[in-house]
Each structure stands twice: as C-alpha cells, then as structure tokens.
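The structure under discussion appears below in the form of structure tokens.
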Amino acid sequence: MASKRTQTDAGKLDQLVAESRQNRELREQGYREQALKLYPWICGRCRREFTRDNVEQLTVHHRDHNHDNNPADGSNWELLCVYCHDNEHQRLLEADAGGGISAEAAQPPSSVHKPFADLKSLLKK
Ligand SMILES: [Zn+2]
Ligand SMILES: [Zn+2]
1 MASKRTQTDA GKLDQLVAES RQNRELREQG YREQALKLYP WICGRCRREF TRDNVEQLTV
61 HHRDHNHDNN PADGSNWELL CVYCHDNEHQ RLLEADAGGG ISAEAAQPPS SVHKPFADLK
121 SLLKK
C-alpha cells in the first residue's frame, strides 16, 4: 500500500515541477513581451538596433538581478543584446568573486544593490 501511495505522490510531484517550470516560462515570456512593448528595441550597452528579424537576440536584463521583481512600469528591466547581457553577468560574477576591480565586491551579496546607481558619478569623472 505504502509503495503505491509513494508512486502517486512522485507522480504528483513530477506534475507540480512540470507546472511550475511551465509557469516560469510563461512568466518570462510575459515580462519579455512587456519590456519589448515598453522600450525601443535597442541594446542598452552597445546601442545595436533590432528588428523583428533578429529581436530574439534581444534579452531582458533585471537591473537588480531579481527575476521575480517585475514591476509593470519596467523600472527593473533593461533590454540588452545576448552578448552585452553575457558580459553584464560575467562582470558581476567576477565582482562577486572578488576578482573584479570594482568596489562592489566588498558588499555582501544580500545587500540591495543598484548596479547603475553610481553610473552618474562615474560619468562625471
Ligand atoms: Zn549589446
Ligand atoms: Zn540579466
């Protein structure tokens, strides 16, 4: 009896996992669509412009790196081409690992961190 119930539970769990994965994919499609409606199809780093033919190379970056933070006004999103998006994450990974030149590495990863908050002061230099 017990084994039969375990089997059923496992099946249920598989189903739950599949559903939550599907929900996640749907949600990601949802915010990408919204971001593409809100913002011009231009990479925020290299300024490359995109059209319907290559828009799949334009991705949504979360400014605070929290993919669950999706305000409807798009304030946490930034459109980046796949290359710049890769670079962006690489840069932050290196900073987190302490190998970067950035002072960000000194901060605990749990702190609420705005990667672009000091951009203005950097530009002033
Ligand atoms: Zn780019
Ligand atoms: Zn990102």
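Under this note's numbering, think of the first position of the sequence shown as 1, with each following residue one higher.
We put the CB at the ideal spot given by N, CA and C, even for glycine.
Keep in mind that this is a model prediction, so the values were computed, not measured.
Within a Cβ cutoff of 8 angstroms, which residues of the same chain sit near residue 45, ignoring the five residues on either side of it in sequence?
Counting only Cβ-Cβ distances below 8 angstroms, and skipping sequence neighbours, we find 80, 81, 84, 87, 88.
With a Cβ-Cβ cutoff of 9 angstroms, do residue 62 and residue 78 count as a contact?
Contact: yes.
Just how far apart, CA to CA, sit residue 55 and residue 73?
If I take the Cα positions, the gap works out to 21 angstroms.
Who are the near neighbours of residue 47 in its chain, counting only those whose CB is closer than 7 angstroms to its CB and skipping five residues on each side?
Answer for residue 47: no residue qualifies.
Note the first and the last residue of the continuous beta strand (DSSP E) segment covering residue 81.
Unbroken beta strand (DSSP E) run through residue 81: 77-81.
Would you say residue 26 touches ligand 1, meaning its beta carbon is less than 8 angstroms from a heavy atom?
Checking every heavy atom of ligand 1 against the Cβ of residue 26, none is found closer than 8 angstroms.
Who are residue 59's beta bridge partners in DSSP?
Partner(s): 80.
Cβ of residue 80 within 8 angstroms of any heavy atom in ligand 1?
Yes - ligand 1 has a heavy atom lying nearer than 8 angstroms to the Cβ of residue 80.
Measure the C-alpha to C-alpha separation of residue 52 and residue 18 and round it to an integer number of angstroms.
The alpha-carbon atoms of residue 52 and residue 18 are separated by roughly 30 angstroms.
Measure the C-alpha to C-alpha separation of residue 94 and residue 39 and round it to an integer number of angstroms.
Residue 94 and residue 39: Cα-Cα distance of roughly 29 angstroms.
What residues match up with residue 49 in a beta bridge as DSSP calls it?
Beta-bridge pairing links residue 49 to 42.
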